[in-house]
Structure formats: structure tokens, C-alpha cells
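For reference, the structure is listed below as C-alpha cells.
Number of protein chains: 2
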Amino acid sequence: MAELDKFDYRLLELLQENSRMTGNELADKVGLSSAACLRRVQRLRETGVIERDVAVVSPKVFGKRMMVIVLLTMERDRPDRYILMREEFAKMPEVVQCHHVTGAHDFVLRIQVSDMEEYSAFVERVFHEPYIKRYESLAVLGSLK
Amino acid sequence: MAELDKFDYRLLELLQENSRMTGNELADKVGLSSAACLRRVQRLRETGVIERDVAVVSPKVFGKRMMVIVLLTMERDRPDRYILMREEFAKMPEVVQCHHVTGAHDFVLRIQVSDMEEYSAFVERVFHEPYIKRYESLAVLGSLK
DNA sequence: AAATTCGTGCGAGATTTTCGCAAAAATTCT
DNA sequence: AGAATTTTTGCGAAAATCTCGCACGAATTT
């Protein structure tokens with residue numbers, strides 16, 4: 001993708017907030033015609049600046065009321081496990097997010113479950129492995145953004 | 001919202017993956033008519049099951065190449081600071097996500113910046129406050145989901 | 001078993017997006 | 001600088017998509 005100008009940035013800003021905005025709505029806020037806005041958005045999608053569009057589903061209504069952040073530390077002698085780990089996490093529906101990090105821990109996971117029972121089962125199943133040295137669970141009380 | 005049936009769950013699953021799917025595409029995958037799908041989706045939005053729709057913008061192209069997770073510990077004697085804190089975090093563009101948690105730390109932040117310099121400036125500006133006891137920065141090497 | 005409620009498919013009408021075109025604006029070349 | 005080229009714009013028509021009223025069928029209530 002070439003360069004993004006101020007119009008593109010404004011469009012991205014708006015669509016990050018609400019991706020269902022119509023061409024006319026965008027036109028109003030951006031100061032271009034509807035067609036011009038939509039053409040630009042189309043291009044942003046094609047070139048991968050906009051990777052995808054997703055619906056944000058309320059965790060509550062979805063029955064997943066509990067969110068936990070886990071700091072994971074692996075045994076230092078099994079670096080091969082990292083890639084396998086990531087792939088497995090990607091498949092687990094409980095794992096909403098997974099970051100591989102530097103520092104005192106190796107992974108930061110965001111876990112979404114229905115209740116404590118489900119979380120216990122998850123921990124039992126996933127974290128009680130020989131190559132996992134230690135994990136720290138932080139229950140989320142509230143979130144922004 | 002009353003109860004969600006298997007059609008609703010399937011629709012949510014699909015729209016979480018790609019919220020730009022058309023009525024016909026949904027109809028194919030779900031096994032209802034286009035109109036029925038769109039009516040259901042409309043209802044899911046109205047009742048708040050679908051909270052919002054957002055465009056996912058590539059952090060790379062957006063120039064924010066660096067992601068850091070911060071574990072924040074506040075001084076125990078300033079519980080009033082928590083609400084203020086959250087409100088301030090909500091306004092900062094660098095703060096992509098903010099969770100208030102229990103355990104050894106109080107907040108888990110996900111920070112998105114261009115480079116180390118910008119991160120340093122952010123840390124300096126935000127974390128060097130008397131009511132912040134300690135912070136731990138985890139640079140993100142890679143992420144899933 | 002009739003009445004009510006609820007969700008469906010169909011199809012018309014409304015809205016939104018896409019696309020071709022000519023003109024304007026920006027960029028490159030001489 | 002000024003001509004030539006490329007890019008992007010706005011307009012408007014055509015295509016695609018969504019919304020909504022309607023009649024019907026299934027499930028639930030009375």
C-alpha cells in the first residue's frame with residue numbers, strides 16, 4: 001500500500017469505531033463524496049490495511065461471564081514447545097487472545113469462560129503439563145475498550 | 001433478549017469471523033432464507049447481543065509496530081484512583097485494552113505504539129505517578145487471534 | 001380444537017454499494 | 001514553467017443488498 005493520507009486515517013478511525021457506517025455517513029464526517037469514501041475503504045480492505053471486519057458479541061449474553069488473564073511461564077529447556085503451544089491455543093475456544101511476550105513470563109492469555117468450574121477444568125486440562133513451569137491467574141473485574 | 005437458538009449461535013459464530021457477510025452468504029451456511037437471517041441479525045443487534053461492528057486495522061500498516069502488555073500495581077491506600085485511572089486510560093489512544101484484575105496486580109494494559117521511544121515517553125508520562133507502586137512491561141513478540 | 005403467537009419465505013420497495021465516465025487535481029517529465 | 005501522465009474526484013446509472021409487509025405454517029396457549 002502506498003501512503004495513507006489524512007482522509008484514510010479519518011476513515012480508519014471511524015470504521016474502527018463502527019464498521020457499519022454507510023457511504024453517506026462517512027462522506028459527512030470526512031468531507032468527500034460517498035463514492036470516494038467507499039472507493040477508499042474498498043482499497044483499504046484490498047490492500048490489507050483493514051484486515052477484517054468483526055461483530056463484537058456481548059460475552060454476557062453469550063453465556064461467558066468470566067474473564068481471566070493468565071501469565072504463563074514455560075520451562076526454559078523446551079523452546080520447541082512455543083510454536084506448538086501457540087497453535088494449540090489458537091484452536092481453543094476459551095482462549096480469546098494469546099500474546100507471546102518477553103520478560104518474566106512467556107505468554108499472556110485472555111480466557112473467556114462461563115464460570116469458575118469451567119475455568120478449573122480448563123486449567124487442569126491445559127496448564128498441568130511438565131513444560132509449563134508456572135501460571136498466574138488474574139480474574140478480570142472490569143474492562144475498557 | 002429471549003433465548004438464542006442454534007441458528008442465532010451459528011450466525012454469531014459467522015459474524016464474529018466476518019461481519020460483512022451478506023444475507024445470501026449467511027443463508028447458505030445457516031440454512032434459512034436471506035431475509036430470515038438478516039431479520040435475526042437485526043434483532044441480535046437491537047437487543048445488544050451484538051454490541052458493535054468494528055474494522056480490524058493492521059497495526060503494522062498503521063505504523064504502530066510495537067505492542068506491550070503492562071502489569072500495573074497501585075498503592076493500596078488509593079482505591080479512589082481506580083475509577084479515575086480507568087477513565088484516563090479510556091482516553092489514551094496508546095491504550096488498546098485495559099482490564100481491572102484481582103491478584104498480585106491491579107490492571108493489565110495492552111499498549112500499542114510506534115517504537116521504543118514513544119513507549120518510553122508514554123511510561124514516563126503515565127506511570128511515574130505517586131499512586132502507582134510498580135509496573136512490569138512485557139513486550140509482545142507475536143499474537144494470535 | 002380453536003385461538004394466539006411466533007417465525008418463515010416471498011417479493012416489492014428502499015437503501016447502499018459498485019462502476020464507468022469525464023473533469024479536476026496532483027505528479028512527473030522535458 | 002508548462003506539457004504530459006497519472007491519480008482521484010463527483011456524478012449518475014446499474015447492481016447488489018437490506019428492509020418490510022404479507023400470507024402461511026408451526027408451535028404454544030387457552
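Chains L and G, in that order, are what the protein sequence lines are.
Take 1 as the starting number for the first sequence in the UniProt record's numbering and just add one per residue.
Take 1 as the starting number for the second sequence in the UniProt record's numbering and just add one per residue.
All C-beta atoms in this analysis are idealised placements derived from N, C-alpha and C, irrespective of residue type, glycine included.
- Residue Val30(L) holds the alpha-carbon nearest to the alpha-carbon of Leu14(L) among Val30(L), Asp5(L), Leu4(L).
- One alpha carbon belongs to Val95(L), the other to Arg125(L), and they sit about 13 Å apart.
- Per DSSP, the continuous alpha helix (DSSP H) segment holding Gly23(G) begins and ends at 23–30.
- The Cβ neighbour count for Tyr119(G), taken over all protein chains shown within 10 Å, is at least 16; the residue is labelled buried.
- Near chain G, meaning a CB-to-CB distance below 7 Å, the residues of the stretch 42–61 of chain L are Gly48, Val49, Ile50, Glu51, Arg52, Asp53, Val54, Ala55, Val56, Val57, Ser58, Val61.
- Taking one beta carbon from each stretch, the stretch 127–140 of chain G and the stretch 72–79 of chain G have 3 or more pairs nearer than 8 Å; the two touch.
- By the CB criterion at 8 Å, Met85(L) and Asp115(L) fall outside the cutoff.
- Going by C-alpha positions, Ala104(L) is about 12 Å away from Val70(G).
- Annotated three-state conformation of Phe62(G) is coil, per DSSP.
- Spatial neighbours of Asn24(G) in its own chain (CB-CB distance under 8 Å, excluding positions within 5 residues in sequence) are listed in chain order as Ser34.
- Shown here, Ala55(L) sits in a strand according to DSSP, grouped into three states.
- Per DSSP, Phe127(G) has no beta bridge partner at all.
- Scanning Arg40(G), Ala55(G), Leu11(G) for the CA closest to the CA of Arg10(L) turns up Ala55(G).
- Taking CB atoms only, Gly23(L) has no neighbour in chain G less than 8 Å away.
- Here Arg39(G) is exposed: its Cβ has fewer than 16 other Cβ atoms, across all protein chains shown, within 10 Å.
- Residue pairing by DSSP places Glu136(L) opposite Leu71(L) in a beta bridge.
- Taking 8 Å as the upper bound for CB-CB distance, Val68(L) and Ile111(L) are in contact here, some 5 Å apart.
- Between Phe89(G) and Leu144(L), the gap from beta carbon to beta carbon is short of 8 Å.
- With contacts defined as CB atoms closer than 8 Å, Gly48(G) and Ser58(L) qualify as a contacting pair.
- Excluding its 5 nearest sequence neighbours in each direction, Leu26(G) has C-beta neighbours in its own chain below 6 Å: Cys37, listed in chain order.
- Scanning its chain for C-beta atoms nearer than 6 Å, with the 5 sequence neighbours on each side dropped, one finds around Leu138(L) the residues Ile69, in chain order.
- Judged by DSSP secondary structure, Leu109(G) falls within the beta strand (DSSP E) whose first and last residues are 107–113.
- Using a Cβ-Cβ cut-off of 8 Å, Glu136(G) is close to Gly103, Ala104 of chain L, given in chain order.
- For the set Gln16(G), Lys91(G), Phe7(G), the Cα lying nearest the Cα of Arg52(G) is the one of Gln16(G).
- Listed in chain order, the non-local C-beta contacts of Val41(L) below 8 Å within the same chain comprise Leu11, Leu15, Leu26, Ile50, local neighbours out to five positions each way being set aside.
- Distance from the Cα of Asp8(G) is smallest, within the candidate group Arg43(G), Thr22(G), Asp28(G), Met21(G), for Arg43(G).
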